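For reference, the structure is listed below as structure tokens.
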Amino acid sequence: MGIFDVAVVFWIFVAIAAVAGIAGDVIKRRQTLEPLRLAIERGQQLDPQVLDKLLAGTERAERIDPTHLQIGGIITAASGIGVALLSWFIAQVNAHAFYPIMGVGVVAICVGVGLLVAAHVLARQRKQEESADRTA
53 MGIFDVAVVF WIFVAIAAVA GIAGDVIKRR QTLEPLRLAI ERGQQLDPQV
103 LDKLLAGTER AERIDPTHLQ IGGIITAASG IGVALLSWFI AQVNAHAFYP
153 IMGVGVVAIC VGVGLLVAAH VLARQRKQEE SADRTA
């Protein structure tokens, strides 16, 4: 089995895992809302406490913390810098490997910077929401 075959199998696995995760979430959400749908179809009066309890599971309980994005961005960017430096050391043994490995490092740095930008945007949005809630 060549390296190309391994890469194709890996990406097929990633695609299947992603689709399975999405499908699992959809199925779980449907099962959670099924009693609510049945009650509405039968014309039953819904207790607000029961309704809140059923709908609480469908909402996202946790919000993304900008600090977690910053930590991930710092770690990812630092890893990219490390891989970029590694490309120089490997180029001493195999000059043809310099640019491919440097490219992987640059991609990791870009992902890290993207996470840091997302953390900054999210933190700014949270501040705006909090200031709007205080004035309202």
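If you read the sequence shown in the working numbering, its first letter stands for residue 53, the second for the next number, and so on. The beta carbon of each residue, even a glycine, is placed where N, CA and C say it ideally should be. Note that the coordinates shown come from a computational prediction; the quantities given were computed from them, not determined experimentally.
Between L138 and I127, which are expected to be in contact by the criterion C-beta below 8 Å, what is the C-beta distance as a whole number of angstroms?
Wrong, their Cβ atoms sit about 16 Å apart, outside the cutoff.
R94 - DSSP class collapsed to helix/strand/coil
coil
Whose C-alpha, out of V145, H120, T187 and K105, is nearest the C-alpha of L167?
H120
Please return the same chain residues whose Cβ sits closer than 7 Å to the Cβ of V102, not counting the five positions on each side in sequence.
There are no such residues.
Own chain residues within Cβ distance below 6 Å of I161, not counting five before or after
A129 and G132
Ignoring anything shorter than 4 residues or poking outside the segment 135-168, list the alpha helix (DSSP H) runs there in chain order.
none
Contact defined as beta carbons within less than 8 Å: I believe P100 pairs with A175. What is the distance between those atoms, to the nearest angstrom?
Not quite, the Cβ-Cβ distance comes to about 35 Å (not below 8 Å), so this is no contact.
Keeping to the same chain, check which residues put their C-beta closer than 7 Å to that of A143; ignore five residues upstream and five downstream.
A149 and F150
Between the alpha carbons of A147 and F56, how many angstroms are there, rounded?
Distance between the alpha carbons of A147 and F56 is about 22 Å.
Would you mind stating whether G164 and G125 have Cβ atoms separated by less than 8 Å?
yes
Where T187 and V173 are concerned, what is the direct C-alpha to C-alpha distance, given to the nearest angstrom?
Computed Cα separation, rounded: 21 Å.
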